[in-house]
Amino acid sequence: MWRIIHQLGSPKGFYTLSARLQPWVWAAAALLMLIGGLWGLLYAPADYQQGDSFRIIYVHVPAAFLAQSIFVGLAVAAVVFLVWKIKVADMAASVMAPFGAGMTFVALFSGAVWGVPTWGTWWVWDARLTSMLILLFLYIGIIALRGAYAHRDSGSRAASVLAIVGVINIPIIKYSVEWWNTLHQPATFSITERPAMPAEMWLPLLLMVVGFYCFCIALTLMRTRNEILRRESSKRWVRDLVRGQ
Amino acid sequence: MSHVGPLTLREPRGGLGVAVVATLRRDMTLKLRRRSEVMNPLVFFALVITLFPLGVAPESKLLSTIAPGLLWVAALLATLLSLDSLFRVDFDDGSLEQMMLSHQPLAMLVLPKVAAHWLLTGLPLALMAPLLGVLLSLPAGSYGVLSLSLALGSASLSLVGAIGAALTVGVSRGGVLLSLLVLPLYIPVLIFGTGAIQAAIAGSGVAPHLAMLGAMLAAALMLAPWAIAASLRISLNG
Amino acid sequence: MSFRLQAQELTCERDDRCLFRDLDIEVGSGDLVRIEGPNGSGKTTLLKILSGQLDDYRGSLSWCGQDLRSVRGTFLANLLYLGHTSGVNAGLTALENLAWYQALSGDIGDTAGRMAALASVGLAGFEDVLVAQLSAGQQRRVALARLELTPRPLWILDEPFTAIDKEGVAALEHRLVSHVSQGGSVLMTTHHEMPSLGQVRSIRLGEMRWQ
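Chains as they are written, first to last, in numbering that gives the first Met the number 0: chain W, 0 to 244; chain X, 0 to 237; chain E, 0 to 210.
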């Protein structure tokens, strides 16, 4: 176990290990999303209140899950990078941040689209949507800060500190927004809290969520590999690799 | 060179209190010598509040409903405006470098700087807010809470904002970036700050809101100095 | 009094650019070491690492035989660092600046001591003038007054001769020699030739070898 972790810590080790891992994760992602998507969109029963429009849940919920998980992932990578100085963690963080921002946007957009049939409007200051919007700003801040530094290494550290500060704040923000929401909008129709969803509805949702996670892992692996090659391009093993091909 | 004592190896003596007090006095002196720096956020605050009746409508009923939010948002922006200069001069002239090279913990040395910022920005804003509340026909009975919530909340704003200021001080034209980083983190303070005033207007309990503001201040006091110090180290080596 | 700052196999890479590799440096009591090298060879970075500001290195760094990271407080209490930027705030007077420096290390000090320090760098009569109203050279002298103010054995100076006039240069050279002869040590970068300083050890960066 420790050997694997140790190997993952070095760019070269990560590169070789991820090469073996990558196809499996891609395959799992494709399979899960295909089954979950088809099942959810074609075979799951329609909602008795919302009809077919509820099916957007199969995109909205996995995206929202990922948006939050990736932020936690960023913070974990930041701690690993700052404490143990493992550069691969920062490389992974640098490719995860834009993807996380993308997922946040997907969650927001699908939420807005869903809002039209359920609320009759594109935007409602629902607690979850509002938190998502703030999360998007946090992501944008991290990406912008990383890019603003002249030295890449300093930008990495600054973005890491901000990710940690952000992750400490997220629960506070979430709590305060929820509190604010109950104060101002009692009894709005919450879009994700469904009472007792039948198994034919939530099973495909579960598949989609796991599929999205696999997709995220696969994409992160792939893009981190690219980032490794880019940053380590002056290293011997990368040159050997290029020459060998 | 007769006044210089003989060269000896020294042990780091304490003296943290001396350093903290001296830094607080230094920053207060500097700010008070440049009055405009203290005045500008206040004038900005007043100006923004003036714009709203002009932009919305001068109806006192409407204004009094939105007054808590307006006052808080304007005060928050005024604080933000003054944050960019918090570390800028010390960064440019090398004073921050000397602070980092002191054997005192940097996290403790930044506290008096943040305190000076709050004393000359947040606190004056809190004291001035009731005057602007009158302009917005804020219902009577909520003026004290307005000041108190702003005084409590702006201390958190200074602490959290200082993290952003420390992260962007090495970046050229970091001002806009600073607001992008800091504003999302200000949201909880804004929610509970306005919540307190609205509760005062509605006559319901103010204490929970103020307690939340106090709790956030306590958390910021414990955590923010370390984040500020870490950020300054990064900026100094960028 | 004897002390030693020792760096072994010091390597610094920033943004995948190798600034220097496997550098061995030893600075002890009575040493005057000069770091040379073309612009961009990493002189300032090296000084920042040796003064414990920058943690971005591989290799070992020790103060009196102990790892620098573990005795950081003791090390900093014996170090006087003068960087590119002078660390002098333009909005304060020379005296106020010095008082703050002293307070940073926990000393309250006294005005007489600070006046004497300013007088020794030729700033008598300018004690209560705002630094902003002083010339660039005079501002630099305010920073140099710190050398007189607090007795610290190890001086790390980044381009100390910048912006000061001929007499100032002579006085500073004299001060460096007297510091070394008292058992202190100086580690510095400068483009200035220093024939009058006698025994100077040089470390060349950029070519990565001892001269």
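Quick reminder that beta carbons are idealized off the backbone N, C-alpha and C, glycines included. From a predicted model like this one, the values you see are computed outputs, not experimental measurements.
Asked                                                                                                                                                                                           : Found
Quick one: complete beta strand (DSSP E) runs, 3+ long, within the stretch 5-59 of chain E?                                                                                                     : 16-27, 31-35
If contact means a Cβ-Cβ distance below 7 Å, which residues of the stretch 131-152 of chain W contact chain E?                                                                                  : His-150, Arg-151, Asp-152
Please go through the stretch 29-116 of chain X and give each complete alpha helix (DSSP H) segment of 4 or more residues, from N-terminal end onward.                                          : 34-54, 59-82, 87-92, 94-99, 105-116
Please go through the same chain and pick out, in chain order, the residues whose beta-carbon is closer than 6 Å to the beta-carbon of E:Leu-18, but skip the five residues on each side of it. : Cys-11, Gly-41, Thr-44
Name the two residues that bound the continuous alpha helix (DSSP H) containing W:Tyr-57.                                                                                                       : 56-83
Determine whether the beta carbon atoms of X:Val-109 and E:Asn-88 lie at a separation below 9 Å.                                                                                                : no
Does any residue of chain E have a CB that is nearer than 9 Å to the CB of W:Ser-232?                                                                                                           : yes
Ignore the nearest five residues each way along the sequence and tell me which others in E:Gly-51's own chain have a CB closer than 7 Å to its CB.                                              : Leu-67, Arg-71, Phe-74, Leu-75
Which residues mark the beginning and the end of the alpha helix (DSSP H) in which E:Ser-180 is found?                                                                                          : 165-180
Could you spell out where the beta strand (DSSP E) holding E:Met-187 opens and where it closes?                                                                                                 : 184-188
Across the stretch 19-29 of chain X and the stretch 93-107 of chain E, are there enough close Cβ pairs to call them in contact, namely three or more that are closer than 8 Å?                  : yes
Rounded to the nearest angstrom, what separates X:Gly-68 and W:Leu-7 at their Cα positions?                                                                                                     : 50 Å
Under 9 Å between the Cβ atoms of W:Ala-106 and W:Ala-63?                                                                                                                                       : yes
Measuring only the C-alpha atoms, how far is X:Pro-138 from X:Leu-61?                                                                                                                           : 12 Å
Roughly how many whole angstroms lie between the Cα atoms of W:Cys-215 and E:Trp-154?                                                                                                           : 52 Å
Any Cβ of chain X within less than 9 Å of the Cβ of W:Ser-175?                                                                                                                                  : yes
Applying the 10 Å Cβ sphere with the 16-neighbour rule, what's the burial state of X:Ser-101?                                                                                                   : buried
Answer yes or no: does any C-beta atom of chain W fall closer than 9 Å to that of X:Met-127?                                                                                                    : no
Kindly indicate which three-state DSSP category W:Gln-307 falls into: helix, strand or coil?                                                                                                    : Past the boundaries of the shown model lies residue 307 of chain W; chain W is included only from 0 to 244, so the question cannot be answered.
Looking at C-alpha atoms only, which residue of W:Ala-91, W:Ala-66, W:Thr-181 is the closest neighbour of W:Val-78?                                                                             : W:Ala-91
Hey, is W:Gly-154's beta-carbon within less than 9 Å of any beta-carbon in chain X?                                                                                                             : yes
Specify the secondary structure class of E:Thr-161 as computed by DSSP and reduced to three states.                                                                                             : coil
Which chain W residues are close to X:Phe-86, counting only those with a beta carbon under 9 Å from its beta carbon?                                                                            : The contacting residues do not exist; X:Phe-86 stays about 14 Å from chain W at best.
What number of angstroms, rounded off, separates the C-alpha of X:Gly-163 from the C-alpha of W:Gly-50?                                                                                         : 46 Å
Under 8 Å, CB to CB, which of the residues in the stretch 11-29 of chain E have a partner in chain W?                                                                                           : Arg-13, Asp-14, Asp-15
Which residues of chain X have a Cβ atom closer than 9 Å to the Cβ of W:Asn-225, listed in chain order?                                                                                         : By Cβ distance, chain X contributes nothing, its closest Cβ being about 25 Å from W:Asn-225, past 9 Å.
Find out if the Cβ-Cβ distance for the pair E:Leu-148, E:Leu-81 is shorter than 9 Å.                                                                                                            : no
Can you list the residues of chain E that X:Arg-33 reaches, using a CB-CB cut of under 9 Å?                                                                                                     : Gly-90
Does DSSP put E:Gln-198 in a helix, a strand or coil?                                                                                                                                           : coil
Since E:Asp-66 sits in a beta bridge, which residues does DSSP pair it with?                                                                                                                    : E:Ser-61
What are the boundary residues of the beta strand (DSSP E) that E:Leu-215 is part of?                                                                                                           : Outside the modelled stretch of chain E, which goes from 0 to 210, sits residue 215 of chain E, for which no answer is possible.
I want to know whether the stretch 114-133 of chain X touches the stretch 67-84 of chain X - three or more CB-CB distances under 8 Å.                                                           : yes
Check whether the Cβ atoms of X:Ala-199 and X:Val-144 sit closer than 9 Å, and answer yes or no.                                                                                                : yes
Any beta-carbon of chain W closer than 9 Å to the one on X:Gly-237?                                                                                                                             : yes
For X:Val-170, I'd like the list of residues in its chain whose CB is within less than 7 Å of its CB, leaving aside the five on either flank, ordered along the chain.                          : Leu-176
Since E:Gln-52 meets chain X, which of its residues come closer than 9 Å, beta carbon to beta carbon?                                                                                           : Glu-96, Met-99, Leu-100, Arg-232, Leu-235, Asn-236
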